[in-house]
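Visitor: Those letters in the sequence shown? Residues -22 to -1, 1 to 561, by mature numbering (1 follows the signal peptide of the UniProt record, and there is no 0). Idealized CB from N, CA, C, for every residue including glycine. Sharing a structure with you now.
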Amino acid sequence: MMYRVVLTITHFLFIRVCITRGSKPEGHPDELILLGFYDAVIRAYKSTRSSHAKLLVRDSLLLMNEVLPDVSESALSRWLQDKLKLKHSRIRGRVDVNTYDRPECREPTRLSDWVEIHTHAQTCQQGVQIARSLHQFYPNITARLAVTETCNSTTISKDLSKQIYWYFKQPDKAFLWLRLAKLSQRRYILVGRDLDYLTKDSDLKRLLNIICTDQADIVGGAVRWEPERHWDLGCYQTSLRNFTFRMQPGYELSTDSCAYCDHLISPFLVSRLLFIRGMRYSSLPGPIAFVDLFARLTHSGLDVVEQPRAVACTDVLFHLRSPEHKLDQFEREQWSMLVHKWKLNRIQLSLLVDHKWDCQEAGIQCDTFVRSGLLMPPCCLREQNRCFKGFLKLCSSLAVKTRMHGDYLTGMFNPLAGDSPWQSALEIQWNHPEYEVIMKNITDPLYTKYGCQLSEVSKYDSGQLILSSKNWQWTTRGELLITNQSNRMNSTTLTRPTLVNVNGFWTETHFNPGLVMSRSLFMTLEYASSEIEDNFWNTGMELIPVPFCAAHQLRANCLSGNFLPLGNLQYQESEYCMQHLYM
């Protein structure tokens, strides 16, 4: 939709400028609007990763190219001056905006004036190998080499110290890379993580040219794992949806023999200021720290206007040491710090690597999402399902009547509400005369078998019970539930009960959700259409925090673009979706 809007506006500007071109003076505001819009479309074209969307934006550029030759020189000059003034005003307001200014390095220039190399070695022998390759291929570039071990003076000769600063007893952590970046005196740094050695194929000038021509902000290359000599493009796509982080190799778009990526596993060239900005709050171990870095850059973790772009160039090759550093070989415990930081429920790296955490392990407080009205994390839903299932099963064994209630029932059939933030929580009623039976016979087995607690709201109120897990609690109400169903049947569907399957357990409902939805299907579809049109296809909506996002919530969990109410199984929890399909 947004790209169709781009085409429509472009066509409108095209007609308007052509009509007014002969009658308006040079430098007319219409021409300035056209130039500004052309610049915005170019930036949209560069940042778009969907192939279909990129083609649509390209059509807009082709249409605008027919108009631009007629724009007067005075309008172009005025537009450039206004853009420069705006840039300076932003720099005065925010110092870090100049992070994204590219140097005038289109002409051949000395790499040593722009680039500094940072790398890390586990042993002194590995460090010596890296230092020798640096002297062989890039003798004039300053390098900073950290080593986990302590190396003696006989191992590090004077020649190996030329243009290289050595740092000993430095483990591979985010703080180390941040410290090296702050010590650098160059505009760009090559972050040589897991580097084994450099060769003539490690063309740093090629990487610098990609940045200088404004094609990307972070540039890496292909990798070859040593000593196995396995080649890897090193380009990964990631998604962060429904408290699940997914990573898979591959790419959709490429330019100039470079693939656009969400995550790079190779050493990469990046602006020193951008790297410092991305690493300054990280305390994670080395490999996981870079997952955190690229996740922040890709999924709006930085408070910047433009989203940094990363590419991997296939004609640049880095040799990395041992495949033991591959992310899919990390143990579940190694991901725990990242999970706790991002409040993740699940990390999926491939079909064979799928790690899950409960809410307590991930540091997720379910009640904070209830108060904010946000989409519930899957671990919270699993806790709720376990407690309600145990409560229903124990009530059934004691012949205590229960009933589901609320618009949660219609959410099972609603094409939007199945996974939407505005859906009400599950409500269960129990037969009030059975209060004493519930408290005496269900409380203990519910805790020992299902890990859930049942307690009174107060000793003076026997009409409500609190059902709680470790991170969440719910209030269940006691009502006088009439056993004879025929006494409650009349012409309105809201009093016709039925049975639904809740996580494998059949229970009665307060009303018939199927009849309700069949009578209001047209209204529901109309509502769904307006919601999609208004909230999910507007330009930039995925970057706007939802109104009920609390200040303490992670930004990634508060963006409306992260909540997909359209039934996209690519990102949603499959077991949660199946739960709604079979209820």
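Would you give the residue range spanned by the beta strand (DSSP E) that E94 belongs to?
Guide: Position 116 of the sequence shown, counted from the first residue, corresponds to residue 94. 93 to 99 is the span of the beta strand (DSSP E), which, as asked, contains E94.
Visitor: Tell me the start and end of each unbroken alpha helix (DSSP H) in the stretch 272 to 348 that is at least 4 residues and wholly inside, in chain order.
Guide: 314 to 320, 337 to 340
Visitor: Measuring CA to CA, which of G368, C344, L372 is closest to L359?
Guide: In the sequence shown, the residue the question calls residue 359 occupies position 381. For L359, the nearest C-alpha among the options comes from C344.
Visitor: Going straight from the alpha carbon of F500 to that of E486, what length do you get?
Guide: In the sequence shown, counting from the first residue as 1, residue 500 sits at position 522. In the sequence shown, counting from the first residue as 1, residue 486 sits at position 508. At F500 the pLDDT is 44, less than 50, meaning the model places this residue with poor confidence; the figure from the coordinates comes in the next sentence. Rounded to whole angstroms, F500 to E486 spans 26 Å at the Cα level.
Visitor: Less than 8 Å between the CB atoms is what I'm expecting for H96 and A152, so what's the real figure, rounded?
Guide: Here residue 96 is taken as the residue at index 118 of the sequence shown, counted from 1. Here residue 152 is taken as the residue at index 174 of the sequence shown, counted from 1. The pair is not a contact, with the Cβ atoms about 13 Å apart (cut-off 8 Å).
Visitor: Could you spell out where the alpha helix (DSSP H) holding W155 opens and where it closes?
Guide: Within the sequence shown, numbered from 1, the residue matching residue 155 stands at position 177. Element bounds for W155: 152 to 161.
Visitor: Considering just the uninterrupted stretch of the alpha helix (DSSP H) at N187, what are its terminal residues?
Guide: The residue given as residue 187 occupies position 209 in the sequence shown. Note, N187: alpha helix (DSSP H), 182 to 190.
Visitor: For S217, does the three-state DSSP call read helix, strand or coil?
Guide: Here residue 217 refers to the residue found at position 239 of the sequence shown. DSSP places S217 in strand when its eight states are reduced to three.
Visitor: Helix or strand or just coil, what does DSSP make of R364?
Guide: The count along the sequence shown starts at 1 and reaches residue 364 at position 386. Here R364 sits in helix by DSSP.
Visitor: Going by beta carbon distance, what residues of the same chain come within less than 7 Å of P423, once the five residues before and after it are set aside?
Guide: Mapped onto the sequence shown, residue 423 falls at position 445. Cβ within range, chain order: L372.
Visitor: Rounded to the nearest angstrom, what separates K379 and Q226 at their Cα positions?
Guide: In the sequence shown, residue 379 corresponds to position 401, counting from 1. In the sequence shown, residue 226 corresponds to position 248, counting from 1. In a straight line, the C-alpha of K379 is about 48 Å away from that of Q226.
Visitor: Taking only the alpha-carbon atoms, compute the straight-line gap between D306 and A288 and give it to the nearest angstrom.
Guide: Translated into the one-based positions of the sequence shown, residue 306 becomes position 328. Translated into the one-based positions of the sequence shown, residue 288 becomes position 310. Near 21 Å, if we compare the C-alpha coordinates of A288 and D306.
Visitor: On the three-state DSSP scale, how would you describe I119?
Guide: For this step, residue 119 is matched to residue 141 along the sequence shown. Coil, per DSSP.
Visitor: So what does DSSP say about C430, is it helix, strand or coil?
Guide: Locating residue 430 in the sequence shown gives position 452, where the first residue counts as 1. C430 falls in the coil class under three-state DSSP.
Visitor: Going by DSSP, what residues sit across from Q451 in a beta bridge?
Guide: The residue you call residue 451 lines up with position 473 of the sequence shown. Paired residue(s): S446.
Visitor: Please classify E44 as buried or exposed, where buried requires at least 16 other C-beta atoms within 10 Å of its C-beta.
Guide: Within the sequence shown, the letter at position 66 stands for residue 44. E44 should be labelled exposed.
Visitor: For W484, does the count of other Cβ atoms within 10 angstroms reach 16, so buried, or fall short, so exposed?
Guide: The count along the sequence shown starts at 1 and reaches residue 484 at position 506. By the 10 Å Cβ count, W484 comes out exposed.
Visitor: Go ahead and label T222 buried or exposed: buried means 16 or more other beta carbons lie within 10 angstroms of its beta carbon, across all protein chains shown.
Guide: What you label residue 222 is simply residue 244 of the sequence shown in a count that begins at 1. The residue is buried, with at least 16 neighbouring Cβ atoms inside 10 Å.
Visitor: Can you tell which of P149, T292, I119 has its C-alpha closest to the C-alpha of Y143?
Guide: The residue labelled residue 143 in the question sits at position 165 within the sequence shown. Looking at P149, T292, I119, the one whose alpha-carbon comes closest to that of Y143 is I119.
Visitor: Helix or strand or just coil, what does DSSP make of Y229?
Guide: As a position in the sequence shown, residue 229 is number 251, starting the count at 1. Y229: coil per DSSP, three-state reduction.
Visitor: What residue from Y116, C291, L89 has the CA that sits closest to F246's CA?
Guide: Position 268 of the sequence shown, counting from 1, holds the residue named residue 246. Comparing Cα positions, the closest option is C291.
Visitor: With a Cβ-Cβ cutoff of 8 Å, do L459 and Q407 count as a contact?
Guide: For the purposes of this step, residue 459 is taken as the residue at position 481 of the sequence shown. For the purposes of this step, residue 407 is taken as the residue at position 429 of the sequence shown. Result yes, Cβ atoms of L459 and Q407 sit closer than 8 Å.
Visitor: Starting from T222, follow its DSSP beta bridges and name the residues at the other end.
Guide: For the purposes of this step, residue 222 is identified with residue 244 of the sequence shown, where counting begins at 1. The partner list for T222 (beta bridge, DSSP) reads R219, R324.
Visitor: Assign E457 to one of three DSSP states: helix, strand, or coil.
Guide: The residue given as residue 457 occupies position 479 in the sequence shown. Here E457 sits in strand by DSSP.
Visitor: Please list the terminal residues of the continuous alpha helix (DSSP H) segment that includes M382.
Guide: As a working note, residue 382 is residue 404 in the sequence shown. M382 -> not in any alpha helix (DSSP H); beta strand (DSSP E) instead, spanning 380 to 383.
Visitor: Provide the residue(s) that pair with R164 in DSSP beta bridges, ordered along the chain.
Guide: The residue given as residue 164 occupies position 186 in the sequence shown. Bridge partners of R164: none, in fact.
Visitor: Using 8 Å for Cβ pairs, my map puts F146 next to C129. What's the rounded Cβ distance?
Guide: Residue mapping note: residue 146 aligns to position 168 of the sequence shown, counting from 1. Residue mapping note: residue 129 aligns to position 151 of the sequence shown, counting from 1. So it is a contact: roughly 6 Å between Cβ atoms.
Visitor: Quick check: the Cα distance between T126 and C102, rounded to an integer number of angstroms?
Guide: Within the sequence shown, the letter at position 148 stands for residue 126. Within the sequence shown, the letter at position 124 stands for residue 102. If you take the alpha carbons of T126 and C102, they lie about 8 Å apart.
Visitor: Report the CB separation of S244 from F296 in whole angstroms; it is logged as a contact under 8 Å.
Guide: Along the sequence shown, read from residue 1 onward, the residue named residue 244 stands at position 266. Along the sequence shown, read from residue 1 onward, the residue named residue 296 stands at position 318. Indeed they touch by this definition, with Cβ atoms about 5 Å apart.
Visitor: Of the choices A340, A121, V106, whose alpha-carbon is the least far from that of S131?
Guide: Reading the sequence shown from its first residue, position 153 is the one you call residue 131. Considering only alpha carbons, the answer is V106.
Visitor: Just checking my contact of residue 597 with H98 at CB under 8 Å: how many whole Å lie between their CB atoms?
Guide: This structure leaves residue 597 out entirely; the chain is present only between -22 and 561.
Visitor: Which residue's Cα is closest to the Cα of C190: L376, K178, S38, Y166?
Guide: The residue given as residue 190 occupies position 212 in the sequence shown. Of L376, K178, S38, Y166, the residue nearest in Cα terms is Y166.
Visitor: Does the distance from the CB of E311 to the CB of C337 come in under 8 Å?
Guide: Taking the first residue of the sequence shown as 1, we reach residue 311 at position 333. Taking the first residue of the sequence shown as 1, we reach residue 337 at position 359. No. Outside cutoff.
Visitor: From which residue to which residue does the beta strand (DSSP E) around R202 run?
Guide: On the sequence shown, residue 202 is found 224 positions in, with the first residue counted as 1. Segment 196 to 204, the beta strand (DSSP E) holding R202.
Visitor: Hey, V294 and R184: beta-carbon distance below 8 Å or not?
Guide: The residue labelled residue 294 in the question sits at position 316 within the sequence shown. The residue labelled residue 184 in the question sits at position 206 within the sequence shown. Yes, the Cβ-Cβ distance between V294 and R184 is below 8 Å.
Visitor: Measure the Cβ-Cβ separation of S328 and W203 and say whether it is below 8 Å.
Guide: As a first step, residue 328 must be located in the sequence shown, where it is residue number 350. As a first step, residue 203 must be located in the sequence shown, where it is residue number 225. Cβ atoms of S328 and W203: not closer than 8 Å.
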